[in-house]
Every structure is written in structure tokens, then in C-alpha cells.
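Beneath this line is the structure, given in C-alpha cells, with notes to follow.
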Amino acid sequence: MLKKIIILKILIFINVLNGGDFNFHPSVKSILIPGWGESELKSENRSKYFFILEISLWTTFVGFYNFGNHKKNQYQSFAAQFAGVNPNYKNHKYWVDIGNYINLDEHNAEHLRWRSINDLYSFDNNWHWKSISHMKKFEKMRIESDMYAKYGEYILGVITLNHIISAINSLYLSRLNQNIQFKPNIGSN
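Throughout, this note's numbering is defined as the position within the sequence shown, counted from one, plus 37.
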């Protein structure tokens, strides 16, 4: 879904650069690409601000996303090397669990005591850390990767906020440009 939105934005942006004209209200243009509506309303400084902010936010998002994936690959490789884990087709819960238990037997024994039968792993998901320090280092790496992913989610929220604020700003500017006249209705019944 995110890739489709990015591709749509790029196509609209290329069309705008090539002189394409859309007959949308400036606030609709700003919800699509922040700064576009302000540019349409000849408010170039505001337009540049929203547009540069948009590019900066997307660049930051891509950076967090890529770095988070890089860290994820690192901790998965680390687990394969020091715990004998096969990293293919494992969900996030599995990675959290192997960072909290030294081996599969310890994990399953504790979950049996809790009567959490659905949380048991089969032998195909076996792991055994070479040392507790390796397990702790792995857990630190996994948490760091999760933090970068969470930062990316926060940036997506700020991108959404940038779109909304730009649309509101364009609506405000468009209403400022309208000639609003108040005609008192006195004495007519």
C-alpha cells in the first residue's frame, strides 16, 4: 500500500513538473503533495516550506526503514551464528522469545508451567545460545532494530500531519483571496 502511495505521488509530481493541470481545489492539491496548493495560490515561501519538509520527512522515513532492516538482518545473522537459528519464516514473536531464553527447552518449560500451550515451539524452531552474553547482545540488537522501525512509523504520522496542515493552510489562503462582503439585512421583512 505504501509503495502504491509513493508511486502515485511521484507520478503526480512528474505531471506537475511537465505542466500538467489539475482542476482540483488548492487544499486538495496540498493534501496530495504538501506545498502544491500554496504554490497555486502564489504563496511561494509557504509552498517551499511544506515541500521541503515533505522531502525531508520522506528521506528520514526511508533512512529509518532501511537502517531498521539492516539492523534486523544483522541480528538474524547473529542469531544464526551464535544460537544455531534458521532465520527463514520466523515471526517477530519468535525473535523476541529467543532474546529472552537461552534455549528452546527453557522457553517451552516455562510456557508449560504457565499452561500456554499455544506458545510452545516445535523442534524445527530450535535455538541454543553459546552464552548469556551472546543472548543479551542479540536482544540489544533486536530492540535497536525495533526502535528504528517505530521511529519510521512516527515519521509516517508526521508526514500525514504535514499533508493535513498544508491542506488547512491552502484552504485558509484560498479563503483570504476571496472577496467576502457582508451585506447587512436591516429593515427588510
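Idealized CB from N, CA, C, for every residue including glycine.
Computed from a predicted model, the values in this text were never measured in an experiment.
Quiz item: Alpha carbon to alpha carbon, how far is R18 from D156?
Solution: This structure cannot speak to residue 18, because the chain is shown only from 38 to 226.
Self-check item: Local conformation of H144 per DSSP, three classes
Solution: helix
Quiz item: For F296, which residues of its own chain have a beta-carbon under 8 Å away from its beta-carbon, when the five flanking residues on both sides are left out?
Solution: Given that the chain is displayed from residue 38 to residue 226, the structure contains no residue 296 and the question cannot be resolved.
Practice problem: Throw me the rounded Cβ distance for the G194 and F98 pair, which I believe falls under 8 Å. | Solution: With a Cβ gap of about 10 Å, G194 and F98 do not count as contacting.
Quiz item: Going by C-alpha distance, which of K66, M178, I43, N60 is nearest I205?
Solution: K66
Practice problem: Just mark Y126 as buried or exposed, buried being the case when its beta carbon has 16 or more other beta carbons within 10 Å. | Solution: exposed
Quiz item: When DSSP builds the beta bridges, which residues end up paired with H62?
Solution: BP columns for H62 are empty, so no partner.
Quiz item: Where do the ends of the alpha helix (DSSP H) carrying D183 lie?
Solution: 169–214
Self-check item: Per DSSP, cross-strand counterpart(s) of H165
Solution: N140
Exercise. Compute the distance between the beta-carbons of F101 and Y209, then report whether it is under 8 Å.
Key: no
Exercise. Evaluate H107 with the Cβ neighbour count: other Cβ atoms within 10 Å of its Cβ, from every protein chain shown; 16 or more gives buried, anything less gives exposed.
Key: exposed
Self-check item: F87 vs S182 beta-carbon contact at 8 Å
Solution: no
Practice problem: Find out if the Cβ-Cβ distance for the pair W95, I201 is shorter than 8 Å. | Solution: no
Quiz item: How would you call Y191, buried or exposed, if buried means at least 16 neighbouring beta carbons within 10 angstroms?
Solution: exposed
Quiz item: Between which two residues does the alpha helix (DSSP H) harbouring V122 extend?
Solution: Where V122 is concerned, there is no enclosing alpha helix (DSSP H), given that its DSSP letter is neither H nor E.
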